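First comes the structure, then the notes that go with it.
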Ligand code: TYM
């Protein structure tokens, strides 16, 4: 693929993503200063992921904030396609969702699309994707979501509630519209064609459960937008509010610029990695460093293509001034890649240790979060 080309779909992210181009291509809005100012006014501060443009784009975020200011609470909706262990990239939108729950007192609806991953991945049985759903929910719970305000559901277990909503969606989406959005081919299994209506359904769930229209905000990386373009198209026809969205960039692969991939373990740090595994992956990470120390000192490094720098910037260096200093020191060639890797590894290991403790504790609380259909 030429270096200026990229692909972003819910099932594939490839190439060097140009986020400005993506905004134009998908027709989303950039997060601008005016939005940041609104967050400051409403919550007292601007969270790191917005300040640093990690969450960089949106649909109707101003409308959600208008509704909130007018006294109408919004619900949050996000999810996971349980195809394996959770990696740090998945945690990023969930951390931001946790911030939104705390800052706005919002209820969260969290969908585990075990059906999607069964349909999409030849190698996964329905039993496996159900198992990963329960495993991945430990990571979500470990982040500290409020059990009174958080409902997690598996598509295959909450189907009696979701299916009638999905049917209403499916009836309003033609095959040609779905093919144009997702690029389906004649060899695509028909479950995948229907699936998008299952991912749309929870966007209307808060409204259906409340019996009146509830605004919904969906935080996710921008790969999920194609589903929600369809959701937004059908919302009005169904008499519901269109869901608003806030999109993050992709937490990069440790080996370069594409997003992390659960199917290539060396590109990602998983929440279940041991400290030794994490350290080894960081030691082998792709950096923006030059081939020799002399060149590094003379020319400086290239932080914008460096996975190690991106890790610090996106998640692990909380201090804005220090993040900027790291960048400057790299550009000026006064910093060696080994130093950055060592510092990052220490932070990642510390994070993993405390996350893994919280993850184990979460095992006793799964049932406080999961919702299922009532049995007869
Ligand atoms: P999934 O499991 O691919 O990803 C879960 C969430 O993580 C985001 N994400 C990333 N964010 C940053 N950097 C990365 N490298 C990265 N990789 C994945 C995804 O955008 C997503 O927010 N079909 C969905 C599950 C789903 C969903 C939803 C997601 C169901 N309903 C509503 C978002 C909102 C999926 O397979 O996500």
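Residue numbers (the numbering used here): 92 to 467. Backbone N, C-alpha and C define an ideal beta-carbon position, used for all residues, glycine too. All values reported here derive from a predicted model rather than from experimental measurement.
Practice item. Decide if residue 136 is buried, meaning its Cβ has at least 16 other Cβ atoms within 10 Å, or exposed. Key: With fewer than 16 Cβ atoms within 10 Å of its Cβ, residue 136 is classed as exposed.
Review point. What are the boundary residues of the alpha helix (DSSP H) that includes residue 168?
Key: Per DSSP, residue 168 belongs to no alpha helix (DSSP H); it is in the beta strand (DSSP E), 166-171.
Point to revise | CA-to-CA distance, residue 394 to residue 296, given in whole angstroms | key: Rounded to the nearest angstrom, the two C-alpha atoms are 43 Å apart.
Point to revise | For residue 310, the first and last residue of its enclosing beta strand (DSSP E) | key: 307-312
Practice item. Specify the secondary structure class of residue 181 as computed by DSSP and reduced to three states. Key: Of the three classes helix, strand and coil, the one that applies to residue 181 here is helix, per DSSP.
Point to revise | As assigned by DSSP and simplified to three states, the class of residue 121 | key: strand
Practice item. Whole angstroms is fine: what's the gap from residue 217's alpha carbon to residue 441's? Key: 34 Å
Check your understanding: When you compare only the Cα positions, how much space is there between residue 103 and residue 397?
Key -> 22 Å
Review point. For residue 418, does the count of other Cβ atoms within 10 angstroms reach 16, so buried, or fall short, so exposed?
Key: buried
Review point. If you pair each beta-carbon of the stretch 147-157 with each one of the stretch 123-134, do three or more pairs fall below 8 Å?
Key: Yes, the stretch 147-157 touches the stretch 123-134.
**Study point:** Same chain only: Cβ atoms within 7 Å of residue 285, ignoring 5 sequence neighbours per side
**Key:** 261
Review point. What residue does the beta strand (DSSP E) around residue 338 start on, and which one ends it?
Key: 335-339
Review point. Per the contact definition of three or more C-beta pairs closer than 8 Å, is the stretch 385-392 in contact with the stretch 422-433?
Key: Remark: three or more beta-carbon pairs, one from each stretch, lie closer than 8 Å, so the stretch 422-433 and the stretch 385-392 are flagged as touching.
Review point. Considering only C-alpha positions, which residue in the set 448, 246 and 97 is nearest to residue 365?
Key: With distances taken between Cα atoms, residue 365 lies closest to 448.
Check your understanding: Who are the near neighbours of residue 301 in its chain, counting only those whose CB is closer than 7 Å to its CB and skipping five residues on each side?
Key -> none
**Study point:** Residues of its chain near residue 172, where Cβ-Cβ distance is below 7 Å and the 5 sequence neighbours each way are ignored
**Key:** Non-local C-beta neighbours of residue 172 in its own chain, meaning closer than 7 Å and more than five positions away in sequence, comprise 204, 207 and 208, ordered along the chain.
Exercise for review: Select from 197, 116, 245 and 192 the residue whose C-alpha is nearest the C-alpha of residue 458.
Suggested key: 245
Check your understanding: Going by alpha carbons, who is nearest to residue 161 out of 290, 276 and 133?
Key -> Per the Cα distances, 133.
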